[in-house]
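Residue numbers for the sequence shown, in the working numbering: -9 to 48. Beta carbons: idealized from backbone N, C-alpha and C, even for Gly. For reference, the structure discussed in these notes is given below.
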Amino acid sequence: MFHTIAETGVSIYTVSTSEIKISCVIEERRLHEVIRSLHTVFGLDEHEYVFVTDVSNE
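Listed below in structure tokens is the structure:
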């Protein structure tokens, strides 16, 4: 993730981590560029459709 953000030329100002997530503070004006890059690296841009299933027990 950090390598991908660095490749876009975006500076990371702050990083916070927990057991299940990593949060970064970056310039707001570059947000969409970073999101697109991360989606590509993690293969999230390969599908046109997303299927959501209701898994609640209600």
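Using the rule of at least 16 other Cβ atoms within 10 Å of the residue's Cβ for burial, across every protein chain shown, is residue i buried or exposed?
i: residue 10; result: exposed
Comparing C-alpha positions only, which one of the options sits nearest to residue i?
i: residue 19; options: 36, 31, 29 and 0; result: 0
Do the CB positions of residue i and residue j come within less than 8 Å of each other?
i: residue 5; j: residue 16; result: no
i: residue -6; j: residue 28; result: yes
i: residue 14; j: residue 25; result: no
Assuming residue i and residue j make a contact with CB atoms under 8 Å, what is their CB distance in whole Å?
i: residue 36; j: residue -2; result: With 8 Å as the limit, residue 36 and residue -2 do not qualify as a contact, their Cβ atoms being about 19 Å apart.
From the DSSP secondary-structure annotation, give me the bridge partner or partners of residue i.
i: residue 6; result: 13
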